[in-house]
Structure formats: C-alpha cells, structure tokens
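Following the numbering used here, the numbering of the sequence shown begins with 152 at its first residue and continues without gaps. Okay, structure first, notes after.
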Amino acid sequence: MATIKKSIGKLNAKIVTTCIVGFVLSYYAYYVELAKEEDDSYEAVCDINEHVSCTKAFSSKYGKGFGIIPETSFFYAPNSIYGLIFYLLVAILSISNEHVTSALVVTLEICANLGTLYLAYILYKLSNICVVCVSLYIVNATLLTLALKKQRKLPQNNGTNKKKRSK
152 MATIKKSIGK LNAKIVTTCI VGFVLSYYAY YVELAKEEDD SYEAVCDINE
202 HVSCTKAFSS KYGKGFGIIP ETSFFYAPNS IYGLIFYLLV AILSISNEHV
252 TSALVVTLEI CANLGTLYLA YILYKLSNIC VVCVSLYIVN ATLLTLALKK
302 QRKLPQNNGT NKKKRSK
C-alpha cells in the first residue's frame with residue numbers, strides 16, 4: 152500500500168508539473184496576443200516564418216472563443232484564458248486522491264484532447280504551424296496519459312471494504 156501511495160504521489164507531482172508547463176505556455180500565448188493587439192509590428196519568438204507563426208494562430212478568428220463562441224457572448228475570450236483556467240483547475244483537482252475527483256480530471260483531459268484535435272485541424276486549415284499550440288497539444292496528451300495512470304492506480308473504495316458498525 153505504501154508503494155501505491157508513493158507511486159500516486161509521483162504521478163501527482165508529474166501532473167502538477169505538466170500543468171505548470173501548460174499554464175506558462177498559455178500565459179505566453181496570452182502575452183503574445185496582447186502584445187500584437189497593442190503593436191501590430193510585434194513579432195513573437197515563435198513567429199519563424201509565414202507558415203510557422205503562433206501570432207497567426209492566436210489572431211485568427213479561431214484564437215478567441217475557439218472560433219465557435221459568438222463575439223457578443225460573455226464567454227468570448229482568448230483561448231489562452233481558457234488554458235490558464237484549465238491548467239490551474241486540473242492542477243488543483245489532481246492533488247486529491249479521491250477516485251471521483253480523479254475521474255473528473257480524466258474527463259476534463261478527454262475533453263481537452265478532443266479540443267486539441269479540433270484546434271489541430273484548424274491549424275491545418277490555416278496552413279500554419281503554431282509551436283506554442285503544438286506544445287500545448289503535447290501537454291494535453293501527456294496530462295491525459297498521467298491522469299489515466301493515476302486513475303488505474305487509485306484503489307476503488309465503493310464501500311465494500313468498510314467495516315460494519317455493531318450496535
């Protein structure tokens with residue numbers, strides 16, 4: 152049992168560390184988007200050429216609200232804001248070793264990876280490679296893998312192991 156707890160602790164550390172990487176990348180994406188809005192001549196480090204440009208992805212119509220949320224909506228915000236919230240939420244939830252919380256993290260990660268597939272398709276449609284975006288796709292795949300490993304290692308306590316109290 153001690154080795155399982157130690158193993159789960161290591162997985163928690165890996166998940167939180169990966170979330171920090173995702174958070175930093177999302178923050179950088181937000182910074183690039185703001186800098187480009189303030190100064191049209193701004194060139195980000197990740198803008199290598201016309202086909203390898205994170206600014207092109209961030210400033211496209213898909214860079215806010217995933218291209219599907221109407222501009223008039225309260226939820227119309229840069230995708231990077233969603234990333235910041237998402238990675239913070241997953242990091243906080245992953246600290247818990249409850250089976251139900253772990254299942255929620257796995258569900259969130261599945262949704263994130265479905266979103267990754269959608270956004271990767273958008274990059275293809277834009278004929279663009281976004282280094283930050285692709286890095287975030289790798290972060291999401293890594294988080295899903297780690298969350299699934301943790302979910303499998305957690306003991307399922309469905310009440311069968313509890314001792315009955317005698318009156």
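Glycine is no exception: its CB is placed at the ideal position from the N, C-alpha and C atoms. All figures in this text were calculated on a predicted structure; none of them were measured in a lab.
{"Query": "Range covered by the alpha helix (DSSP H) that runs through H250", "Result": "250-276"}
{"Query": "Proximity of S224 and E184 at Cβ, strictly below 8 Å", "Result": "no"}
{"Query": "Short Cβ contact (8 Å threshold) for T293 with T169", "Result": "yes"}
{"Query": "Other residues of its chain near V167: CB distance less than 8 Å, five sequence neighbours each side excluded", "Result": "A242, S245, I246"}
{"Query": "C-alpha gap between E249 and Y269, whole angstroms", "Result": "31 Å"}
{"Query": "Beta-carbon proximity check, S278 vs H202, cutoff 8 Å", "Result": "yes"}
{"Query": "DSSP bridge partner residues for V175 (one or two, in chain order)", "Result": "In DSSP, V175 forms no bridge with anything."}
{"Query": "C-alpha gap between I236 and A153, whole angstroms", "Result": "33 Å"}
{"Query": "Nonlocal neighbours in the same chain, by C-beta distance under 7 Å from Y238, ignoring five residues either side", "Result": "C170, G173, F174, S177"}
{"Query": "Enclosing alpha helix (DSSP H) for A208 [first to last residue]", "Result": "205-209"}
{"Query": "Proximity winner among K276, T258, K304, I273, relative to N291 (alpha-carbon distances)", "Result": "T258"}
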